[in-house]
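Here the UniProt record's numbering is used: position 54 in the sequence shown is 54, and no number is missing along the way. Virtual Cβ for every residue (Gly too), placed ideally from N, Cα, C. All figures in this text were calculated on a predicted structure; none of them were measured in a lab.
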Amino acid sequence: MPRDDGSIHLSDYRAPAWRIVHADLEFDLDAGATEVTAHLRLQPDPEQPDAPLRLDGEDLQLLDLRIDGAPLPSDAYRVDAAGLHIEGLDGACTLTSRVRIRPIANMRLEGLYASRGALFTQCEAEGFRRITWFVDRPDVMPTWRITLRAERAQYPVLLANGNPVEAGDLGDGRHFATWHNPHPTPAYLFAVVAGDFGCVESRLARADGREVALAVWAAHEDVPRCRYALGAVERALRWDEERFGRVYDLDVFNVVAAQDFTMGAMENKGLNIFNARYVLADEDTATDADYMGIESVVGHEYFHNWSGNRVTLRDWFQLSLKEGLTVFRDQEFTSDLHSRAVKRIEDVRLLRARQFAEDAGSLAHPVRPPSYREINNFYTLTIYEKGAEIVRMLHTLLGEARFRVGMDLYFARNDGRAATVEDFLAAHAEASGRDLSQFARWYAQAGTPHVEVKDDFDADGGTYTLEIAQRTPPTPGQPDKAPLHLPLRFALYDAEGRRLKVDPRADDGSGDRIELTAARHRLRFHGLPSRPLPAFNQGFCAPVKLAYDYTPSQLGLLARCERDPFNRWDALQRLATGVLLEHFTDAAAAGAALLAALGDLIDDEGQDPAFAAECLLLPDFDTLAEAVPSIDVDALIGARNDLLDRIALEHVERLDRRYHALAAAAAGGLEPAAMSARRLRNVCLDLLTRLDPGAALAQAQFDAARSMTDRLGALRCLVHHDAPGRQAALDAFAGRYATDPLVTDKWIALVASRPHPDALLDVRDLFATQLWTPTNPNRVRAVLGSLSRMNPLAFHAPGGEGYALLAESLPELDGINPQVAARLLAGFESWRRLAGARRNRVEAVLQGLEGRLSSPDSLEMLARLRA
Ligand code: 0A1
Ligand code: ZN
């Protein structure tokens, strides 16, 4: 229950006074007015015998209310803003309610809503209460029977959770379908879909010998683009059986693509609903990155069937219990199927650019927040990505075999239950015999830990000492932090880059890894012939900022000799960051070391081209902004551009040679070698276009492109480097894909992220066209998300025009879809560290929003930003 100020606290948790053991729902579907009849079998908690029944409901028109079939007189219940209250019930009973809802008027895309002539639901986190009266919390888990009735012509396909039971004709052009979900499932996983869809389908034998029918549904014209997603479901199902021993538990698994969807996708039991951008793909419309994204999101939602659905959450404070764990599982899925090194680099890039910024800004919160006002605001990078890093650390601490035993125990013990972070840690502690009580602090403490390493070498005795200190900075509401339990891998190299065998007598080193638990640790190694070169945090096994005073030449050596590919990449990122932020005393030597290392990589045909591409990409603006105490926008953007120009100038011939040499490999299809080649080729093209005002190469690639990766890569170069052919290419692209909203989003995102002050004018122009559809979250993100997150130059325009542009649109968007508006507001999360007048300008803009936003989502965000 919320406190008087509207906040909800973990420490206030109480078990539900009434449980719903079975829900039997009937829907008479119609976009204008849908009637929902709910028969709920209710059971009181014996420990709270006199508690009244309270049901959640929002925007419901109540038509009828009965207990055990008898109408409830109007003085026997009360409806207020908090819900429907019924007092005086003396025990288990069946409550039947009938309500009317209006899907067509539902712009928030929560509950039952209409999209392109079809009907969809979205119930996580608290959308089910917009469908019918219910105890809408994750620890209430009935089994379900769902009957859908609708006009056959408009809604020939009727899908719901669970297995299909019965379907038939009702006369008068109407038909019905009944579904049964035998697994105890909370309301946030409820789903129905009705519409005119086609599908691709296949059947797979499950590991337990039973068969499952898989289907991916979409609007008829999009069905040919569903094949790849179906293959991804098949791969995910097999992988979860093999790697985690998790077997699917229904006869069917359905995925449906929706063009209007707020988030990426939703793991409803047996009926996943996806944002169309994570389903639809073919060579003409999807980039390689889109394909990878689809496979990963399909995996993520599928894996939730165990981590989230079979074992669900006791309350929303435990959100990372399902999300962090499931991100870890989807990361492992991608790593097992593709390049582990490249996947790790991509994930750490995201973590550093976005999660570290979140953890250092006004919106910082622990992976398990102690309180919230609007849970929708906590679907964050901290809950998802940092949550996954915590699970990854556990995996590192325990090792794959013991981790798997712990996971098996967790699933076995909590199957059909609503679990907590404590249940998760208890299973791992018991299976491994490890004490995880200090490790649990990771869930409670916000902020990115800083680990600082200093060393000393005593040449006489050959003794090398590492002093390791950890510290977590203050975050809102948490001024003081305690030391965390974290694994830190390390290695020592000699001056030629040979790995040194670590002295087995090292004081508390276990060879190549230590576990930090205290604020300070000292490690000592004996018998070393000369001062070694240390390397730390291989594979980024702990999500920390690690400081060690490397020289440029040491980083150059590490970039060549480190055994761990992630750390080779990281050495170059450190070198580049040091050059960009002028950290090195010998700036010339640092620049030269970086250029030499990158030159070698461009030429190195033995290396995975995708890895080389990752090394050539400098740390992005957000990552750099996170590495400095005060954000001087112009200086960061300027330094990045200068260095990119230098790299291009220095290596123009190499880049050109490699670009052409990769052409044959890049002409392939979706095989890894072809994807890798296209990745490096497009990075080369971007650097080369910096030096070529005519952008002939980019123009040629655009004209000849056979894949979306190459077409969009070339268009990006033309647009972002202001090539003469820019407008013609944009028009050609727009014309070719005018009827495809997902591809249209891509070119809009390019326009809105063009690093030029005029991007603001272009966005304003877009607002005035039919392309601006504020009810479609993908389109809003393509325009305003790209501007605020992908275009620091225009967003941080010195006069504050970018801030104003975003802020101006928020009141209208907030009235349509509060979640979308609140997420856009988070684009201001680092405002307090902006240097110069920019900080004041954001402050003024935020102040100007006071009184103009109305949703709890946006109000909570604004309050936290301004606190
Ligand atoms: N559980 C989903 C994320 C999600 C959350 C809220 C949504 O609606 C507002 C939709 C999806 C996932 O992790 O994929
Ligand atoms: Zn998820």
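In the three-state reduction of the DSSP assignment, Y443 falls in the helix class. Distance from the C-beta of T472 to the nearest heavy atom of ligand 2 is not below 7 Å.
Contact check between the region 400-409 and the region 436-443: fewer than three CB pairs, one atom from each, fall below 8 Å, which does not count as touching. Nearest C-alpha to R235 among R203, D222 and L824: R203. Per DSSP, W144 is not a residue of any alpha helix (DSSP H); the beta strand (DSSP E) it occupies stretches across T143 to E151. Relative to the Cα of L580, the nearest Cα in the group A613, P543, I647 and F540 belongs to I647. For the options H39, F27, D5 and L555, the alpha carbon positioned closest to that of I20 is the one of H39. Along the length of the region 165-247, whole beta strand (DSSP E) runs at least 3 residues long occupy 174-181, 192-195, 197-205 and 211-219, reported in chain order. Exposure of P49 is indicated by the presence of fewer than 16 other C-beta atoms within 10 angstroms of its C-beta.
The beta carbon of P142 lies closer than 6 Å to those of I20, V21, H22 and A23 in the same chain, with the five residues before and after it left out. Rounded to whole angstroms, the Cβ separation of E374 and D857 is 5 Å, and the two are in contact under 8 Å. With distances taken between CA atoms, T585 lies nearest to P552 out of A613, A559, I602 and P552.
Per DSSP, A257 is one residue of the beta strand (DSSP E) stretching across V252 to A258. Between the alpha carbons of L321 and E385 lies a gap of roughly 12 Å.
Nearest in C-alpha terms to A559, of all of D758, T132 and L595, is L595. Counting only the Cα atoms, G539 lies some 15 Å from D336.
L436: not part of any alpha helix (DSSP H); DSSP gives it neither H nor E. With a cutoff of 8 Å on beta-carbon distance, L62 and V36 are scored as not near each other. T577 is positioned such that its CB atom lies closer than 8 Å to that of P619. Excluding sequence positions up to five before and after R681, its CB lies within less than 7 Å of the CB of Y659, L662 and A666, all in the same chain and listed in chain order. Distance from the CA of R789 to the CA of N567, rounded to the nearest whole angstrom, comes to 27 Å. Beta-bridge analysis with DSSP links C93 to L42.
Assigned with DSSP and collapsed to three states, R781 falls in helix. Distance between G83 and D4, taken at the CA atoms: about 16 Å.
Beta-bridge analysis with DSSP links M266 to I273.
Looking at the backbone, the Cα of Y803 and that of A635 are separated by about 19 Å. Remark: C-beta atoms of T262 and H300 do not approach each other more closely than 8 Å. The three-state reading of DSSP puts P529 in coil, since its state is none of H, G, I, E or B. In this structure, W217 sits near V256, with a CB-CB distance shorter than 8 Å. Annotation for Y77 indicates a beta carbon at 7 Å or more from all heavy atoms of ligand 1.
The Cβ atoms of A698 and A674 lie no closer than 8 Å to each other. DSSP places R563 in the coil class of the three-state scheme, outside both helix and strand. Judged by DSSP secondary structure, L119 falls within the beta strand (DSSP E) whose first and last residues are A118 to Q122. Linking F356 to P474 through their CA atoms gives a straight-line distance of about 13 Å.
For A388, the enclosing alpha helix (DSSP H) covers residues G387 to L398.
Apart from sequence neighbours up to five positions away, the residues of its chain that approach V367 with a beta-carbon distance below 7 Å are S320, G324, T382, I383, K386, G387, I390, W442 and Y443, ordered along the chain.
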